[in-house]
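What follows is a short report on a single structure.
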Amino acid sequence: MRHTISPLFGEIAMNLGLAAPTEIMDALCFQNEQRSLGNTPPRIGRILMDRGVLGPDDVARVMEEIEFRTKTLLLPGFQSLELVERDATTLQFRGTTIGTRKTVVIRILRFALAESPDDTERFLSEAETLSRLDHPNVVRVLATGELEAIPYLVLENVVGPTLENRVEEDGPLAEEDALSILAQAAAGLDHAHRADVCHGSVGPASVLLPRIGPVKVTDFALFDWCSFASAQGTARLEPPWYLSPEQARKSTRATVTSDVYSLGATLFFMLTGRPPFRGTHLEILRQHRKRPAPDPRVQAPDISKSTANLVARMLAKQPEDRPRSMEEVIRLARRSEHGTSETADDPILPDRLRPGRRG
């Protein structure tokens, strides 16, 4: 069995002048001894910390350098694992299983985060929960595992672009198509919500459009966005284009209605080709909290009033003013798709929430 992280850790630690070659070799030998006894050895960084060779900041520095260098991954049972994406908490690789040659996606906890027992435990707990989801509109978790005590998920590989890629390449979607994608994504999220799983980071990048088959939701947040941001610093995160006001306002776990808001912002993106709010990181957070949702008809005048109202209700600042469930979102989307909510007294939206024409 080949292990890539520990030897590379040792090489980088020596190159940075943090550890002597003999200290690295002693740690690697200890790992091999533990494996020969059938035990899972500690990570090399933990061994060197326990021996007083490195401090926590040294380990984090080395692990970040490993992440920067890592383009491929050696993992027992898989081959040809190539890095395809990084996000705030995970690295994602695509490769094939040995034997069946089935293409899969591996989502592994970022190496520096794996140094925290709490973060590792949270990842494993959330991964176990996600593995119980089984719905045609949710990307399935096929297995879980650990590489040198760093946990990972094995996910089904979906052939097709993300919603983000599709809109960026082809422009805004037709209203009927956008409502259909909305309903399918909502169905997957409804299944997750019924299993007490909230997504936490719904957006166009987490909605997949397979070449064959239904829309699928992926990238369920394994860490709460706000608690992670406060710990790591927002500069390392993507702009919060689709974050709910309550998540932007305070450190709170995702809820059903925060997922509704994020899906509403995703609907806005589908219809207009842009997120509801733009600006700097902090400006976007402030607008989510305080600025009324813009009317998508400013950018796309042909959108029906009922769909504009649906966007406005999903983007309501107060959670109680939004649809209470994804099941309700689906019902409202179907009504709008079939043009059954076009009257002046449209019951979809209270008067105080009716969209203005501001961009």
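So for the sequence shown, the working numbering puts the first residue at 32; every next one is plus one. In this text, a Cβ means the ideal position worked out from N, Cα and C, and glycines have one as well.
Rounded Cβ spacing between residue i and residue j (contact assumed at less than 8 Å)
i: Ile97; j: Ile36; result: 6 Å
i: Arg353; j: Met345; result: 6 Å
i: Ala279; j: Arg320; result: 5 Å
i: Leu112; j: Leu104; result: 4 Å
i: Arg74; j: Glu179; result: 6 Å
i: Leu402; j: Phe251; result: Past the edges of the chain, shown from 32 to 390, lies residue 402, and the structure says nothing about it.
i: Met45; j: Pro38; result: About 11 Å; that fails the 8 Å criterion.
Whether residue i touches residue j by CB criterion (8 Å)
i: Leu294; j: Leu194; result: no
i: Ile315; j: Pro270; result: yes
i: Ala205; j: Ile361; result: no
i: Arg125; j: Asn188; result: yes
i: Leu184; j: Val228; result: no
i: Thr303; j: Ala343; result: no
i: Ala214; j: Met301; result: no
i: Glu152; j: Thr175; result: no
i: Ser337; j: Arg366; result: yes
Own chain residues within Cβ distance below 6 Å of residue i, not counting five before or after
i: Met94; result: Phe142, Ala143
i: Phe154; result: Leu140, Pro182, Leu253
i: Lys102; result: Leu114
i: Trp272; result: Pro306
i: Thr288; result: Pro350, Arg353
i: Leu68; result: none
i: Arg322; result: none
i: Arg317; result: none
i: Asp150; result: Leu144
Nearest-angstrom Cα separation, counted from residue j out to residue i
i: Phe40; j: Pro192; result: 35 Å
i: Glu177; j: His224; result: 27 Å
i: Thr127; j: Glu116; result: 17 Å
i: Gly48; j: Asp290; result: 46 Å
i: Pro276; j: Pro72; result: 43 Å
i: Leu79; j: Leu363; result: 57 Å
i: His312; j: Lys281; result: 15 Å
i: Glu42; j: Asp57; result: 13 Å
i: Asn70; j: Val248; result: 37 Å
i: Leu274; j: Leu298; result: 13 Å
i: Glu358; j: Gly202; result: 28 Å
i: Ala119; j: Glu54; result: 32 Å
i: Asp81; j: Ala50; result: 13 Å
i: Pro148; j: Arg66; result: 21 Å
i: His230; j: Arg309; result: 23 Å
i: Ala296; j: Phe99; result: 32 Å
i: Asp333; j: His222; result: 32 Å
Cβ shell of residue i (< 8 Å), same chain only, five flanking positions each side left out
i: Leu240; result: Gly191, Pro192, Thr193, Leu194, Arg197, Ile212, Val246
i: Gly76; result: Phe40, Leu85, Val90, Val93, Met94, Glu146
i: Ile137; result: Leu104, Leu106, Phe109, Leu112, Gln123, Phe124, Arg125, Gly126, Tyr183, Leu184, Val185, Leu186
i: Glu207; result: Glu368
i: Ala347; result: Tyr292, Ala324, Arg353, Leu384
i: Ala226; result: Thr160, Arg163, Leu164
Residue i beta carbon near the ligand FAD (any heavy atom closer than 7 Å)
i: Ala158; result: As far as ligands go, the structure on display features none, and thus does not contain the ligand FAD.
Proximal residues to residue i (C-beta, below 7 Å), its chain only, five neighbours per side dropped
i: Glu157; result: Leu253
i: Trp256; result: Its pLDDT being 47, under 50, Trp256 is placed unreliably in this model, and the value from its coordinates should be taken loosely. Contacts found: Gly231, Ser232, Leu274, Gln278.
Next item on the list: Spell out a yes or no on whether the region 83-90 and the region 129-137 are touching, meaning 3 or more CB-CB pairs, one atom from each, closer than 8 Å.
Entry: no
Check: With contact counted as at least three CB pairs below 8 Å, one residue from each stretch, are the region 224-235 and the region 321-330 in contact?
Finding: no
Checklist line | At least 3 beta-carbon pairs within less than 8 Å: the region 157-168 vs the region 50-62 | finding: Counting Cβ pairs under 8 Å, fewer than three are found: no touch.
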